[in-house]
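K.L.:
In the numbering used here, the protein residues as written are 12 to 683.
All residues carry an ideal CB built from backbone N, CA and C; glycine is no exception.
Quantities reported herein were computed from a predicted structural model and do not represent experimental measurements.
Input: one structure, supplied below.
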């Protein structure tokens with residue numbers, strides 16, 4: 012047995028199944044607790060685990076920092092719909108994939124969640140979510156590591172390798188060392204590779220073959236791992252018993268409620284045992300000496316009563332016999348120990364108060380009591396651990412499905428509120444019919460302005476959006492605040508959601524499974540570095556195959572003429588099979604240098620400015636059309652306010668020049 016490695020974190024091999032359970036849910040808190048790392052590191056491990064299972068990394072499909080940031084923003088928005096911690100963690104660690112079969116499975120689950128919400132109805136959905144919110148997996152907690160004594164150095168190394176610091180290993184070189192250990196610890200496990208026999212209470216002999224069984228070596232750890240899941244199992248049983256629609260659903264139809272109830276009964280017993288040990292650890296339980304003092308007080312009160320009522324020694328002795336039987340039972344004293352207890356009162360007279368047990372006799376009983384108690388606790392925990400482990404798969408699958416129910420309901424309600432629908436997976440095009448930007452939709456749901464849907468496509472699609480020629484690349488023009496960036500984010504969001512296996516914000520959508528390269532304007536402004544941005548754009552050409560490339564205004568990086576030629580070169584040389592949309596105000600500088608065979612110029616047209624200077628815009632892009640620029644709109648607004656003839660003449664000439672230039676460029680783009 013060797014130490015396991017969880018992505019650079021070492022862990023003892025016996026933990027592997029528990030770590031896999033935490034990774035598979037996922038459960039950041041339990042994972043962090045087991046590996047003794049920060050929660051953020053646990054999240055990173057879960058993502059790596061999921062990436063390995065999916066066969067690709069997030070950065071393989073979401074290829075820029077901005078794309079990955081947008082993924083995080085989307086998932087955080089969705090995670091607010093989950094009512095459990097693990098449901099939220101399940102959402103936040105969603106991994107993209109290009110595996111069509113896997114994506115169709117995810118879309119099927121989304122539809123099943125939507126159907127379940129409809130079948131349950133609003134009130135029952137609310138009740139289910141209230142119940143789900145009580146489901147939790149608590150930490151295993153801090154407990155004293157069991158002491159394992161060995162007489163062989165090889166066995167010592169074997170135990171340390173398999174259990175790490177979850178056990179304390181002590182090497183025995185004498186019988187006296189064993190006595191010292193058991194007196195200090197109350198109970199120890201002795202791995203007796205040389206067949207030495209120790210017939211002492213508290214020394215529990217185990218075989219070498221037992222080393223691979225956590226139930227034998229660390230039963231308290233095993234038991235606590237189930238106690239931590241108690242509330243989740245209770246909620247699972249309650250939901251399955253109260254809601255037939257959920258019980259009979261595809262997700263839960265094979266979950267055995269009877270087995271879960273059996274587990275819950277075992278957990279209740281286990282919880283009581285664990286609480287007893289915790290009280291011992293915290294000095295909250297009544298110690299042996301405290302029990303003796305309690306009985307002495309009780310005996311003294313009775314002795315005073317007997318004396319006051321004229322009773323004699325015989326009455327006191329009869330009472331004492333009864334008390335000694337009661338004490339022997341409570342203190343688990345049998346045989347010689349029971350005799351020793353009686354010997355502790357033989358020399359005492361009834362009239363000698365206060366009554367006290369002989370401390371020399373009581374001292375030997377204390378050691379045996381503590382040892383017996385520790386040994387009995389071990390055997391009870393060991394048996395409980397073995398019984399619970401018989402139900403490991405039932406518990407693991409049931410809990411995973413419980414939290415997946417939270418995930419399904421969250422995505423269904425998210426899809427309802429944001430009007431999302433599963434997309435059609437296609438090759439060679441990207442399109443949305445009546446699509447919406449989900450971040451604007453979020454503002455609308457809070458009482459903000461109603462979002463106007465738009466339809467847009469590039470490449471070969473079957474949506475039939477009027478005027479959208481099948482060019483694979485488009486340049487999007489128009490005045491500031493016209494909705495260009497919102498459209499770009501809508502496209503990026505739809506690609507991200509699709510590859511995560513989630514529905515998209517459109518009535519109909521056709522989405523390709525291609526790596527996404529998103530370059531947002533805020534990144535460009537933040538870095539302010541031409542060299543940095545060129546290196547970032549260079550990644551598009553460092554990987555073969557088609558991509559989706561979405562770029563929002565690079566013009567601020569250098570002077571317009573040079574930037575126009577640079578952008579033209581990038582667009583002309585995009586890899587084969589690439590779909591792209593670029594937002595720019597440099598259409599005049601770019602257009603003379605681009606190949607119009609594969610590049611379309613679209614525009615978001617503005618009707619002017621209102622009295623407050625806000626743009627009046629039709630957010631639906633016009634295809635093969637250059638949108639009005641902000642200078643043109645501003646000059647038109649000024650023209651309406653100016654009475655001076657000479658100034659009006661200047662403004663009119665500027666408007667004519669800008670309009671004619673736009674018309675000429677538009678004609679070229681159509682003829683290209």
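Going by DSSP, what residues sit across from residue 216 in a beta bridge?
P.N.:
DSSP lists 201 as partners of residue 216.
K.L.:
At what residue ranges does the region 288-375 contain a whole run of the alpha helix (DSSP H), taking only runs of 4 or more?
P.N.:
Listed in chain order, they are 299-319, 324-341, 347-354.
K.L.:
Jot down the residue ranges of each uninterrupted beta strand (DSSP E) in the region 439-501, minimum 3 residues, whole runs only, in chain order.
P.N.:
440-446, 465-470, 484-489, all fully within the region 439-501.
K.L.:
As a quick exercise: from 113, 35, 180, 298, pick the residue whose alpha carbon is nearest that of residue 513.
P.N.:
Nearest of 113, 35, 180, 298 to residue 513, Cα basis: 113.
K.L.:
Counting along the chain, where does the beta strand (DSSP E) carrying residue 43 start and finish?
P.N.:
No beta strand (DSSP E) contains residue 43, which is instead part of the alpha helix (DSSP H) from 39-46.
K.L.:
Residue 485 and residue 469 look like a contact to me (Cβ under 8 angstroms); what is the Cβ gap, rounded to whole Å?
P.N.:
Yes, they are in contact, since the Cβ atoms of residue 485 and residue 469 sit about 5 angstroms apart, within 8 angstroms.
K.L.:
Which runs of the alpha helix (DSSP H) spanning at least 4 residues fall entirely within the region 214-263, listed in chain order?
P.N.:
Counting only runs of 4 or more, we get 225-228, 230-238, 241-253, 255-258.
K.L.:
Quick one: what's got a C-beta closer than 6 angstroms to residue 361's C-beta in the same chain, skipping five residues either side?
P.N.:
Model confidence at residue 361 stands at a pLDDT of 49, short of 50, so the residue's coordinates are unreliable and nothing is read from them.
K.L.:
Can you tell me whether residue 541 is helix, strand or coil according to DSSP?
P.N.:
Helix at residue 541.
K.L.:
Is it the case that the region 436-455 contacts the region 500-515, given that we only count it when at least three CB pairs across the two stretches are under 8 angstroms?
P.N.:
In short, these stretches touch, since the Cβ pair count reaches three.
K.L.:
So, helix, strand or coil for residue 104, using DSSP?
P.N.:
In the structure shown, residue 104 sits in coil (DSSP, three-state: anything other than H, G, I, E or B).
K.L.:
In three-state DSSP terms, what is residue 570?
P.N.:
Looking at residue 570 - three-state DSSP - the assignment turns out to be coil, as it is neither helix nor strand.
K.L.:
Keeping to the same chain, check which residues put their C-beta closer than 6 angstroms to that of residue 479; ignore five residues upstream and five downstream.
P.N.:
So the qualifying residues of the chain are 468, 634.
K.L.:
Identify the continuous beta strand (DSSP E) that holds residue 591 and give its terminal residues.
P.N.:
Looking at the DSSP string, the run of the beta strand (DSSP E) that includes residue 591 is 590-594.
K.L.:
Quick check on this structure: which residue in 51, 507, 346 has the alpha carbon closest to the alpha carbon of residue 85?
P.N.:
Minimum Cα distance to residue 85 is reached at 507.
K.L.:
Mind checking whether residue 92 and residue 421 have CB atoms under 8 angstroms apart?
P.N.:
In this structure, residue 421 lies closer than 8 angstroms to residue 92 by Cβ.
K.L.:
Can you give me the C-alpha to C-alpha distance between residue 31 and residue 552, rounded to a whole angstrom?
P.N.:
Rounded to the nearest angstrom, the two C-alpha atoms are 38 angstroms apart.
K.L.:
Considering only residues of the same chain and omitting the five flanking positions on each side of residue 236, which have a CB-CB separation below 8 angstroms?
P.N.:
These residues qualify, in order along the chain: 29, 151.
K.L.:
From residue 398 to residue 278, what does the alpha carbon distance come to, in whole angstroms?
P.N.:
If I take the Cα positions, the gap works out to 10 angstroms.
K.L.:
In whole angstroms, what separates the C-alpha of residue 448 from that of residue 462?
P.N.:
Roughly 8 angstroms separates the two Cα atoms.
K.L.:
Could you pull out every unbroken beta strand (DSSP E) segment of at least 3 residues lying fully inside the region 119-190, listed in chain order?
P.N.:
As far as the region 119-190 is concerned, its whole beta strand (DSSP E) runs of at least 3 residues are 158-161, 179-182.
K.L.:
Exposed or buried, residue 269, counting other C-beta atoms within 10 Å across all chains shown (16 or more means buried)?
P.N.:
Flag for residue 269 reads exposed.
K.L.:
Quick check on DSSP: helix, strand or coil for residue 585?
P.N.:
Three-state DSSP puts residue 585 in coil, outside helix and strand.
K.L.:
According to DSSP, simplified to helix, strand and coil, what is residue 633?
P.N.:
Of the three classes helix, strand and coil, the one that applies to residue 633 here is strand, per DSSP.
K.L.:
Give the straight-line distance between the Cα atoms of residue 411 and residue 83, rounded to the nearest whole angstrom.
P.N.:
Each residue's alpha carbon lies about 23 angstroms from the other.
K.L.:
Does chain C have any CB closer than 8 angstroms to the CB of residue 557?
P.N.:
Of the chains in the structure shown, none is chain C; there is only one protein chain.
K.L.:
For residue 46, tell me which candidate among 147, 131, 176 has the shortest Cα-Cα distance.
P.N.:
For residue 46, the nearest C-alpha among the options comes from 176.
K.L.:
Short check: CB of residue 496 to CB of residue 417, under 8 angstroms?
P.N.:
Not closer than 8 angstroms, so no.
K.L.:
Using beta-carbon positions only, say whether residue 70 and residue 63 come within less than 8 angstroms of one another.
P.N.:
It is not a contact, given that the beta carbons lie outside the stated cut-off.
K.L.:
In three-state DSSP terms, what is residue 580?
P.N.:
Residue state, collapsed to three classes: helix.
K.L.:
Where residue 248 and residue 350 are concerned, what is the direct C-alpha to C-alpha distance, given to the nearest angstrom?
P.N.:
If you take the alpha carbons of residue 248 and residue 350, they lie about 50 angstroms apart.
K.L.:
Kindly identify the DSSP beta-bridge partner or partners of residue 268.
P.N.:
DSSP lists no partner for residue 268.
K.L.:
Ignore the nearest five residues each way along the sequence and tell me which others in residue 251's own chain have a CB closer than 7 angstroms to its CB.
P.N.:
Answer for residue 251: 257, 258, 263, 266, 268, listed in chain order.
K.L.:
Report the residue from 145, 431, 369, 241 whose alpha carbon sits nearest the alpha carbon of residue 121.
P.N.:
Comparing Cα positions, the closest option is 431.
K.L.:
Across the region 35-46 and the region 93-113, are there enough close Cβ pairs to call them in contact, namely three or more that are closer than 8 angstroms?
P.N.:
Segments in contact, yes.
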